[in-house]
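Visitor:
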Amino acid sequence: MTRNEFKELVAEKLVILDGATGTELAKRGMPRGVCPELWVFENPEVITEVQQAYFAAGSDIVYVPSFGANPYKLEEFGLEDRVFELNKGLAEISRRAVGNQKKYIFGDIAPTGNFIFPFGDVPFEDAVNAYKKQIEALIAGGVDGFVIETMMDVQEARAAVIAVRESCDLPVMVSMTFEADGRSLTGNDPRSALITFQALGVDAFGCNCSTGPRNMIEVIRSIKPYATVPLLAKPNAGMPKLIDGETVFSMGADEFASFVEEFVNAGVNILGGCCGTTPDHICEQAKVASKLKPKPPVRSAISAVSGARSSRLLGHDQLFTIVGERINPTGKKALQAELREGKLNVVRKFASEQIEHGAGILDVNMGLSGIDECDMMIKSVALLAQSADLPLCIDSTRPEVMEQALRVYPGRALLNSISAEKERIEEMLPLAAKYGAMIIVLPLTDDGIPETTEERIEVVKYIFDKAQELGYHKEDITVDGLIMTVSSNQSAALVSLDLIEWCTKEFGVNTVCGLSNVSFGMPERKWVNNTFLGMALGRGLTMAIANPSSELIMATVHASDVLSGRDRKMTKYVSKYGGSSGESSAAAKVKSDLPPEEKVFQCVLQGDEDLIADAIHDALEKSVAPQTLVDNCLIPAINKVGELFDSKKYFLPQLIMSADAMRKGFEVLEPLLQDETAEVQEKTRIIIATVKGDIHDIGKNIVALMLRNYGYEVVDLGKDVSAETILDAAVENNAEIVCMSALMTTTMVEMEVVVNLAHERKLDHLKFMIGGAVVDQNYASQIGANYSSDAMDAVRVAGQLTT
Numbered sequence: 000m001t002r003n004e005f006k007e008l009v010a011e012k013l014v015i016l017d018g019a020t021g022t023e024l025a026k027r028g029m030p031r032g033v034c035p036e037l038w039v040f041e042n043p044e045v046i047t048e049v050q051q052a053y054f055a056a057g058s059d060i061v062y063v064p065s066f067g068a069n070p071y072k073l074e075e076f077g078l079e080d081r082v083f084e085l086n087k088g089l090a091e092i093s094r095r096a097v098g099n100q101k102k103y104i105f106g107d108i109a110p111t112g113n114f115i116f117p118f119g120d121v122p123f124e125d126a127v128n129a130y131k132k133q134i135e136a137l138i139a140g141g142v143d144g145f146v147i148e149t150m151m152d153v154q155e156a157r158a159a160v161i162a163v164r165e166s167c168d169l170p171v172m173v174s175m176t177f178e179a180d181g182r183s184l185t186g187n188d189p190r191s192a193l194i195t196f197q198a199l200g201v202d203a204f205g206c207n208c209s210t211g212p213r214n215m216i217e218v219i220r221s222i223k224p225y226a227t228v229p230l231l232a233k234p235n236a237g238m239p240k241l242i243d244g245e246t247v248f249s250m251g252a253d254e255f256a257s258f259v260e261e262f263v264n265a266g267v268n269i270l271g272g273c274c275g276t277t278p279d280h281i282c283e284q285a286k287v288a289s290k291l292k293p294k295p296p297v298r299s300a301i302s303a304v305s306g307a308r309s310s311r312l313l314g315h316d317q318l319f320t321i322v323g324e325r326i327n328p329t330g331k332k333a334l335q336a337e338l339r340e341g342k343l344n345v346v347r348k349f350a351s352e353q354i355e356h357g358a359g360i361l362d363v364n365m366g367l368s369g370i371d372e373c374d375m376m377i378k379s380v381a382l383l384a385q386s387a388d389l390p391l392c393i394d395s396t397r398p399e400v401m402e403q404a405l406r407v408y409p410g411r412a413l414l415n416s417i418s419a420e421k422e423r424i425e426e427m428l429p430l431a432a433k434y435g436a437m438i439i440v441l442p443l444t445d446d447g448i449p450e451t452t453e454e455r456i457e458v459v460k461y462i463f464d465k466a467q468e469l470g471y472h473k474e475d476i477t478v479d480g481l482i483m484t485v486s487s488n489q490s491a492a493l494v495s496l497d498l499i500e501w502c503t504k505e506f507g508v509n510t511v512c513g514l515s516n517v518s519f520g521m522p523e524r525k526w527v528n529n530t531f532l533g534m535a536l537g538r539g540l541t542m543a544i545a546n547p548s549s550e551l552i553m554a555t556v557h558a559s560d561v562l563s564g565r566d567r568k569m570t571k572y573v574s575k576y577g578g579s580s581g582e583s584s585a586a587a588k589v590k591s592d593l594p595p596e597e598k599v600f601q602c603v604l605q606g607d608e609d610l611i612a613d614a615i616h617d618a619l620e621k622s623v624a625p626q627t628l629v630d631n632c633l634i635p636a637i638n639k640v641g642e643l644f645d646s647k648k649y650f651l652p653q654l655i656m657s658a659d660a661m662r663k664g665f666e667v668l669e670p671l672l673q674d675e676t677a678e679v680q681e682k683t684r685i686i687i688a689t690v691k692g693d694i695h696d697i698g699k700n701i702v703a704l705m706l707r708n709y710g711y712e713v714v715d716l717g718k719d720v721s722a723e724t725i726l727d728a729a730v731e732n733n734a735e736i737v738c739m740s741a742l743m744t745t746t747m748v749e750m751e752v753v754v755n756l757a758h759e760r761k762l763d764h765l766k767f768m769i770g771g772a773v774v775d776q777n778y779a780s781q782i783g784a785n786y787s788s789d790a791m792d793a794v795r796v797a798g799q800l801t802t
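Printed below as a string of C-alpha cells:
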C-alpha cells in the first residue's frame with residue numbers, strides 16, 4: 000500500500016480498524032503471563048480466527064499482533080534474538096488471514112517500557128535502532144503500513160516514526176494515549192503532539208485506549224482545527240468494572256456504535272475499538288460508519304511550533320511572538336565561561352527569566368570556540384525540553400549540529416536559518432524537511448546581503464521554490480527581515496521594512512527580525528530598537544528575536560496585540576497590566592542572591608540538581624542546621640512540587656527532576672544528620688512489583704523512584720511477579736508496605752490474590768497500596784487495599800500508612 004493509496008482510502012470513506020486483540024486471544028485460550036507474540040506465533044490459527052472475524056465485521060485495516068515484539072519487550076522473555084523471526088512470522092500469518100480481500104494489515108509498534116532521552120536513560124539512537132529491527136522484519140513479512148500505538152511519550156513515538164521513515168515509505172499512523180485530564184503520562188497535550196507528528200510526516204494521528212468514546216470525542220474535536228492529516232480514534236468500550244472477580248466493560252456494541260456520528264462530526268476519519276471491544280462492536284460501528292461521510296483535514300499546512308508539553312501558533316491572527324535571544328554566548332562572558340566548563344546553569348537561568356518575562360519561543364545557540372558545539376547543543380536541548388515548556392528555535396550554522404538537535408528535540412522546532420548559500424540550501428534544507436522543522440528564511444546568498452528590497456524578494460522566492468520541492472508550504476516558513484545597522488547605512492531599516500510589508504501583503508508569510516542589529520553603534524539603543532519594532536509591527540511583522548526582559552519592548556508588543564485585535568477581548572493585556580498577579584511556577588528561577596534557605600527550596604522546586612549541593616553547603620556555612628534544611632526547605636519544596644503536579648502546572652518530567660534534586664540534597668545532608676543523632680532511624684521498607692501476568696512497569700518504576708527520593712527503602716521485584724514471591728520478599732525484608740501495579744484489566748485481579756494470601760499467612764501487619772490505569776478507589780476498598788492515583792499520591796499514601 001502506498002501512502003497515496005492510503006490517502007485516497009481515507010478520503011473516500013470512514014476507514015474502520017479492528018477492535019481489541021488481547022482479550023479475544025484470552026477468550027481462545029492464551030494463558031496469562033506468557034509472551035503474547037510468541038504464543039500467537041506458535042498458535043497461528045487463533046489469531047487468524049480473530050483477524051478474519053474483524054475483517055468480516057467490516058474492518059478495513061487490522062493490526063498485526065506485534066504490539067510487544069520490540070527488542071526491549073522480547074528481552075524480558077529471553078527472546079531478544081528472535082525479533083526478526085517473530086515479527087516476520089506474525090506479519091505473514093496476518094497476510095494469509097487477509098486472503099484475496101481488499102483489506103490491509105498494519106504492523107503494530109508499541110512502547111518499549113522505557114523512557115527515552117531526554118526524559119529517560121535510553122539513548123535516542125538506541126530506541127530508533129531497536130524499532131528498526133522490528134520494522135524491517137514486519138516489512139519482510141508483507142505489512143501494508145504501520146501503526147505506532149498506545150504511546151504515552153511523544154519522544155518514544157518520534158523514535159518509532161523516524162525508524163519507519165528511515166526504513167521505508169509505507170504509510171504510518173501514530174496513536175497516543177491521553178488520560179482523563181487530556182494529557183499523556185509524560186504531560187504531552189494532544190495539540191502539541193499533533194503538530195509534532197504531522198510535521199514529522201505521519202499519515203494519520205490520533206488516540207487510543209485510556210478512555211471511552213465520550214472523552215475521546217472531545218480530544219478529536221479539540222485538535223481538528225489544527226490537523227493537516229486524517230485523525231484516528233480507537234476508544235475503549237467504556238471504563239472497566241470488576242464484577243465477581245472478572246473485568247467487565249459494560250458498554251455493549253449498540254451503545255458503542257451510537258457514538259460514531261459524534262466522532263465523525265468531531266472530525267474523525269479513521270475509527271476502531273480498543274480494550275473491551277469485540278467483532279460485534281466493530282460490526283455495529285461499521286454499519287453506522289457506512290452511512291456517513293468523514294470530514295477531510297481542514298488545512299494543508301499550519302504555522303506552528305511545538306515542544307513536548309506546549310505549542311505556539313504563529314501568524315498575523317495570533318499573538319505576536321517574542322523569540323527569546325538570551326541563550327546565545329555572543330557577548331555573554333558568564334555564559335561563555337560556563338559552556339567551556341560544560342555547565343548549563345546560566346542556560347537554565349536565561350530560559351527561566353525569558354519565560355517569566357513573556358517569551359513565546361526560546362532561541363538556543365551554542366556557537367562558541369573551544370567547545371563541542373554539537374554536544375552542548377544536545378545537552379541544552381535536553382535540559383530545556385525537561386525544564387521549560389516553551390518550543391525551541393534551533394540556531395546553528397553547522398548542518399551536523401542542526402541535525403542532531405532536530406533529531407532529539409521532542410517537538411517541532413523553529414530552525415534559524417536557511418539562506419540561499421550553497422551549503423544551507425543543499426545540506427540544511429533537506430535535513431530541516433526530514434524532521435519537519437519550521438524554517439526562518441534569510442535573504443542572503445553566497446555573494447552577500449542584497450542591498451535592495453527587490454533583490455531580497457528574489458532570494459526569498461528562490462529559497463521558497465526549493466523548499467516547496469521538499470514539501471514546504473508558505474505556512475511553514477518565516478522570512479527574516481535581515482535588519483542591518485542604521486549607523487552605517489541609514490536606509491537599511493527602510494529596506495527591511497519594505498520586505499516585511501511585501502511578505503505580509505503580497506507573499507503571505509510570517510516575518511521575523513532580530514531587533515538588536517538595527518541600533519548597533521548608536522547611543523541609547525533602546526529607543527531605536529523599540530521605534531523600529533513599532534514601525535515593523537505596522538508593516539505586519541509577526542515575530543521578533545529580542546530580549547523579553549526589556550519592559551519597553553514587551554509593553555509595545557502587548558499594546559500592539561490589543562490594537563490589532565490579536566489579543567482577543569484584551570485578556571492578556573488586562574492580566575498583565577490590570578493589577579492582578581498570579582503565580583507562574585514554570586517561570587520561577589533560582590536566583591543567586593536569595594537567602595540560603597530559600598535558595599535550597601528553589602533548587603528543589605525547579606529541579607536544579609546541579610546547584611543544590613552548592614546551595615546546601617552555602618547554607619551550612621551560614622550556620623543553618625542540617626535538620627532545619629530538611630524540615631524547612633527540602634520537605635516543603637517537594638510538597639509544593641506535589642501541589643503543582645496535582646494542579647497540572649507541573650508534569651512528570653518536572654516531578655522527576657525535582658525529586659532528583661531533593662535526593663541529591665539528602666545525599667549531602669544525610670551524613671550530617673546521622674552525626675546529629677545518637678540513633679539512626681531505620682528507613683521504612685516498601686516492596687513494589689507489577690503483579691503476575693502483567694509485563695507493564697513504566698508507572699511502577701516512576702512510583703519506586705519517587706518513594707526512594709522521599710527516603711523510603713524500596714525493594715523493586717520487577718514485573719510479572721507471583722503472589723508468593725511478593726509476600727516472601729515482604730517477610731524477608733521486614734517490609735511494612737506492599738505496593739502493587741497492574742495496567743491490564745485481566746491482571747488487576749491478581750492484586751486480590753496477594754491480599755488474600757497475606758491474610759492466610761497471618762501477615763496482618765502488612766499494608767497494601769495499589770495503582771495502575773485500570774485500578775480505582777472502589778476496587779482498592781473492595782480488596783482491602785489503599786489506592787494511589789499517581790507517583791506523587793503514592794508518596795502521600797505511604798506517609799499516611801507509616802504515621
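Take the sequence shown: its position 176, counted from the start at 1, is 175 in numbering that gives the first Met the number 0, and no numbers get skipped.
Cβ atoms here follow ideal geometry from the backbone N, Cα and C, with glycine treated the same way.
It should be emphasised that the depicted structure is a prediction, and the values quoted were computed from it without experimental measurement.
1. Please determine if the segment 283-298 and the segment 172-186 are in contact, where contact requires at least 3 C-beta pairs separated by less than 8 Å.
2. Are the Cβ atoms of V380 and V407 separated by less than 8 Å?
3. Give me the Cβ distance between I194 and S299, rounded to the nearest whole Å; I'm assuming they're in contact under 8 Å.
4. When DSSP labels each residue in this structure, what does M542 get in the three-state scheme?
5. For A677, which three-state DSSP category applies?
6. Write down every uninterrupted run of the beta strand (DSSP E) in the segment 340-406 whose length is 3 residues or greater and which is fully enclosed by it, in chain order.
7. What is the DSSP secondary structure of F196, counted as helix, strand or coil?
8. Nearest by alpha-carbon distance to Y71: which of V527, V127, P117 and N364 is it?
9. Nearest-angstrom Cα distance between Q489 and P224?
10. Do you know offhand how far M569's Cα is from G314's?
11. Under a three-way DSSP split, which group does A734 fall into?
12. According to DSSP, is C512 part of a helix, a strand, or is it coil?
13. For Y103, list the residues DSSP reports as bridge partners.
14. Given A660, which residues of its chain have a CB within under 7 Å of its CB, disregarding the five upstream and five downstream residues?
15. Evaluate the contact criterion for the segment 136-143 versus the segment 97-105: three or more CB pairs, one atom per stretch, below 8 Å.
16. Does the Cβ of V82 have 16 or more other Cβ atoms within 10 Å, making it buried, or fewer, making it exposed?
17. On the criterion of 16 or more Cβ atoms from any shown chain inside 10 Å, does G641 qualify as buried, or is it exposed?
18. Measure the alpha-carbon distance for K756 versus A722 and round it to whole angstroms.
19. Would you report the Cα separation of P234 and T176, rounded to the nearest angstrom?
20. Just reading off the beta strand (DSSP E) that S780 is part of, what are its end residues?
21. With a 10 Å radius around its C-beta and 16 neighbouring C-beta atoms as the bar for buried, classify D202 as buried or exposed.
22. Of the residues H280, L37 and I281, which one's Cα is nearest the Cα of L78?
23. With DSSP as the reference, please indicate the residues paired to R311 in a beta bridge.
24. Please classify E283: is it buried, with 16 or more other beta-carbons within 10 angstroms of its beta-carbon, or exposed?
25. What three-state label does DSSP hand S418 in the structure shown?
26. What did DSSP end up calling D560 once you bin it into helix, strand or coil?
27. From the DSSP output, in three-state form, read off V14 for me.
28. Can you tell me where the beta strand (DSSP E) with C206 in it begins and where it stops?
29. Measuring straight from C-alpha to C-alpha, what distance separates G67 and I108?
30. For A586, which residues from the same chain have a beta carbon less than 7 Å from its beta carbon, with the 5 sequence-adjacent residues on both sides left out?
31. So, at 8 Å on beta carbons, what are the nonlocal neighbours of A734 in its own chain, with the 5 sequence-adjacent residues on each side left out?
32. Could you tell me the distance, in whole angstroms, from the CA atom of N638 to the CA atom of M750?
33. Using the Cβ count rule (16 or more neighbours within 10 Å means buried), how would you classify G271?
34. Residues in the same chain with beta-carbon distance under 7 Å from V796, minus the five sequence neighbours each way, listed in chain order, please.
35. Is the segment 332-342 touching the segment 432-448 in the sense that three or more CB pairs, one from each, lie closer than 8 Å?
36. What is the rounded straight-line gap between the Cα of G581 and the Cα of R567?
Guide: Well, looking at it:
1. Too few Cβ pairs lie closer than 8 Å, so no.
2. Between V380 and V407, the CB-CB gap stays under 8 Å.
3. In fact, because the Cβ distance is near 14 Å, the residues do not count as touching under 8 Å.
4. The three-state reading of DSSP puts M542 in strand, counting E and B together.
5. In this prediction, A677 has a pLDDT of 38, which is less than 50 and means its spatial position is unreliable; what the coordinates show is noted afterwards. Here DSSP, grouped into helix, strand and coil, assigns A677 to coil.
6. Within the segment 340-406, the runs of beta strand (DSSP E) that reach at least 3 residues and sit entirely inside it are, in chain order, 360-364 and 391-394.
7. Three-state DSSP puts F196 in a helix.
8. Here the closest residue by C-alpha is V127.
9. Taking the straight line joining both Cα atoms gives about 44 Å.
10. Whole-angstrom Cα-Cα distance: 18 Å.
11. When DSSP states are grouped into helix, strand and coil, A734 belongs to the coil group.
12. Reduced to three states, the DSSP call for C512 is strand.
13. In DSSP, Y103 forms a bridge with I60.
14. Short of 7 Å from the beta carbon of A660, and not among the five residues preceding or following it, lie these beta carbons of its own chain, in chain order: C602, V603, G606, D607, E608 and I611.
15. By the Cβ rule, the segment 136-143 counts as touching the segment 97-105, because three or more pairs are nearer than 8 Å.
16. By the beta-carbon neighbour count (other beta carbons within 10 angstroms, threshold 16), V82 is buried.
17. Buried, because 16 or more other Cβ atoms sit within 10 Å of the Cβ of G641.
18. According to the sequence provided, residue 756 is Leu. The question's Lys does not apply to it. When rounded, the distance between both Cα atoms is 7 Å.
19. Computed Cα separation, rounded: 10 Å.
20. No beta strand (DSSP E) holds S780; the alpha helix (DSSP H) holding it covers Q776 to I782.
21. Classification of D202: buried, given that the 10 Å Cβ count is 16 or more.
22. The candidate whose alpha carbon is nearest that of L78 is L37.
23. R311 pairs with V304.
24. By the 10 Å Cβ count, E283 comes out buried.
25. In the three-state scheme derived from DSSP, where H, G and I count as helix and E and B as strand, S418 is classed as strand.
26. In the three-state reduction of the DSSP assignment, D560 falls in the helix class, which pools H, G and I.
27. In the three-state reduction of the DSSP assignment, V14 falls in the strand class, which pools E and B.
28. In this chain, the beta strand (DSSP E) harbouring C206 covers A203 to N207.
29. Distance between the alpha carbons of G67 and I108: 7 Å.
30. Note that A586 has pLDDT 37, beneath the 50 cutoff, so the model's placement of it is unreliable and no number is given.
31. Only R684, I685, I686, V714, A728 and L765 meet the Cβ criterion.
32. Approximately 29 Å, taken between the alpha carbons.
33. Around the C-beta of G271, 16 or more other C-beta atoms lie within 10 Å, and the residue is accordingly described as buried.
34. So the list reads M768, N785 and S787, once near-sequence residues are dropped.
35. Touching, no, given that fewer than three Cβ pairs across the two stretches are closer than 8 Å.
36. Residue placement at G581 is poorly supported in this model, since its pLDDT is 37, which falls under 50; the coordinates still yield a value, given next. Approximately 20 Å between the Cα atoms of the pair.
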